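So the structure is just underneath, and the comments pick up after that.
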Amino acid sequence: MATVYNNIDKVAGDPQSSATVKIELLFDKDEASVAKHVSSEVMIQGYFSTSVNTAGEWSTSLVPNSEITPSDNVYFVTETITEAGSSKQSVTSYYVTVPVSATPVFWVGGLIVPKPGWVQ
3 MATVYNNIDK VAGDPQSSAT VKIELLFDKD EASVAKHVSS EVMIQGYFST SVNTAGEWST
63 SLVPNSEITP SDNVYFVTET ITEAGSSKQS VTSYYVTVPV SATPVFWVGG LIVPKPGWVQ
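Our numbering applies: residue 3 is where the sequence shown begins, and numbers increase by one.
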């Protein structure tokens, strides 16, 4: 597993402490009906959701993409910020791939990839 993290700040540089994060594994459904973690023989389904702490930070452990079949797969990250005292939300979404590393801690901004062609 690799630890992936981000720090969300407001435009003025203050921590954004009202954000939620959703991470979902997307894969080419033409290759397989379910994604699998190869070495542990586990099916990967659903999504992970968390909130940032008071400093605007979040982190989680993810399976490196090279250890998942089918090989065409990415994580889809959605960060949703709710403005204080309002129902107004701002949503940022992006795709990431998680590498295998001897020091498996990665800032999510360094893992962003373009939207794959097979994503609907």
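The beta-carbon is built from N, C-alpha and C at its ideal position, and this holds for glycine as well.
These numbers were taken from a predicted model, which means no experiment stands behind them.
Inter-residue spacing [alpha-carbon to alpha-carbon] between residue i and residue j
{"i": "I70", "j": "F108", "result": "18 Å"}
{"i": "P101", "j": "S68", "result": "7 Å"}
{"i": "Y49", "j": "A14", "result": "31 Å"}
{"i": "D30", "j": "S42", "result": "21 Å"}
{"i": "D16", "j": "E33", "result": "44 Å"}
{"i": "V40", "j": "L64", "result": "14 Å"}
{"i": "W120", "j": "D74", "result": "8 Å"}
{"i": "A86", "j": "A104", "result": "40 Å"}
Beta-carbon separation (whole angstroms), residue i vs residue j, contact threshold 8 Å
{"i": "P106", "j": "A4", "result": "4 Å"}
{"i": "V110", "j": "N8", "result": "5 Å"}
{"i": "S51", "j": "T22", "result": "7 Å"}
CB of residue i within 7 Å of CB of residue j, strictly
{"i": "V76", "j": "P116", "result": "no"}
{"i": "T82", "j": "Q91", "result": "yes"}
{"i": "I114", "j": "V54", "result": "no"}
{"i": "T62", "j": "S20", "result": "no"}
Bridge partner(s) assigned by DSSP for residue i
{"i": "L28", "result": "V76"}
{"i": "V23", "result": "T52 and E81"}
{"i": "K38", "result": "M45 and T71"}
{"i": "S61", "result": "Y7"}
{"i": "Q91", "result": "T84"}
Spatial neighbours of residue i in its chain, beta-carbon cut-off 6 Å, leaving aside the 5 residues before and after
{"i": "E26", "result": "Y49 and F78"}
{"i": "A57", "result": "P17"}
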